[in-house]
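Enquirer: In our numbering, the protein residues as written are 1 to 131. Cβ atoms here follow ideal geometry from the backbone N, Cα and C, with glycine treated the same way. This one's a predicted model, so the numbers in the text were calculated from it and none came from an experiment.
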Amino acid sequence: MEQSIGLRTLERWHAIFKEGGMPALAGSEPPPRPRKIPLELVSLISGLALVKPPLSTAAIARKANRAATDRGWPAVSYSTVRTVTKGLDPGMRTLPIRVRRPTGTSTNSSGGAVPVGPMPIGRPTTPNWTS
């Protein structure tokens, strides 16, 4: 049965086996790669990706890089920003963010007031401008 394995590869495997036996051939797990950007910067990028109206990847990258420069962090690339924003839950992008306020109103993500509580039943009344 032919496996198309090169002669040099077989020689290397044989040398490894002679030195350390079967466990040496198993290899080892590569060490975990450390995150290249701080978690605070990932959170900032995620937050910028959820604002309404949505920002472009370039705009998010510019704002994130300004914040990174201010704090002495490494700059992020557009592909890093894209990776972080694509990893967000799609449901987070579609839901309007409402903040409940004790005054009986809340605000949506664009800052407009939204009434809190049940909608009134019946036709809305309009002022009578003719009388």
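Under three-state DSSP, which class holds L54?
Expert: Residue mapping note: residue 54 aligns to position 54 of the sequence shown, counting from 1. Going by the sequence as given, residue 54 is Pro instead of Leu. Residue state, collapsed to three classes: coil.
Enquirer: Just curious, the alpha helix (DSSP H) that A26 is in, first and last residue?
Expert: For this step, residue 26 is matched to residue 26 along the sequence shown. Run containing A26: 7-26, per the alpha helix (DSSP H) assignment.
Enquirer: If you measure between the beta carbons of S77 and A61, is that distance less than 9 Å?
Expert: Counted from its first residue, the sequence shown places residue 77 at position 77. Counted from its first residue, the sequence shown places residue 61 at position 61. The answer is yes: Cβ separation under 9 Å.
Enquirer: Given this structure, state the Cα-to-Cα distance separating R8 from T69, to the nearest angstrom.
Expert: Translated into the one-based positions of the sequence shown, residue 8 becomes position 8. Translated into the one-based positions of the sequence shown, residue 69 becomes position 69. One C-alpha to the other measures close to 49 Å.
Enquirer: For P53 and P90, what's the separation of their Cα atoms in angstroms?
Expert: Within the sequence shown, numbered from 1, the residue matching residue 53 stands at position 53. Within the sequence shown, numbered from 1, the residue matching residue 90 stands at position 90. Computed Cα separation, rounded: 15 Å.
Enquirer: So, T85 versus I45, is the Cβ gap smaller than 9 Å?
Expert: Position 85 of the sequence shown holds residue 85. Position 45 of the sequence shown holds residue 45. For T85 and I45, yes; Cβs fall inside 9 Å.
Enquirer: So is V81 buried or exposed if we call it buried at 16+ other beta carbons inside 10 Å?
Expert: As a working note, residue 81 is residue 81 in the sequence shown. Looking at its Cβ environment, which holds 16 or more other Cβ atoms inside 10 Å, V81 is buried.
Enquirer: Of the residues L50, T57, L41, which one's Cα is nearest the Cα of G72?
Expert: Residue 72 sits at position 72 when you count from the first residue of the sequence shown. Residue L41 is the option with its Cα nearest to G72.
Enquirer: Quick one: give me the first and last residue of the alpha helix (DSSP H) that R33 is part of.
Expert: What you label residue 33 is simply residue 33 of the sequence shown in a count that begins at 1. Premise fails: R33 is in no alpha helix (DSSP H) and is neither H nor E.
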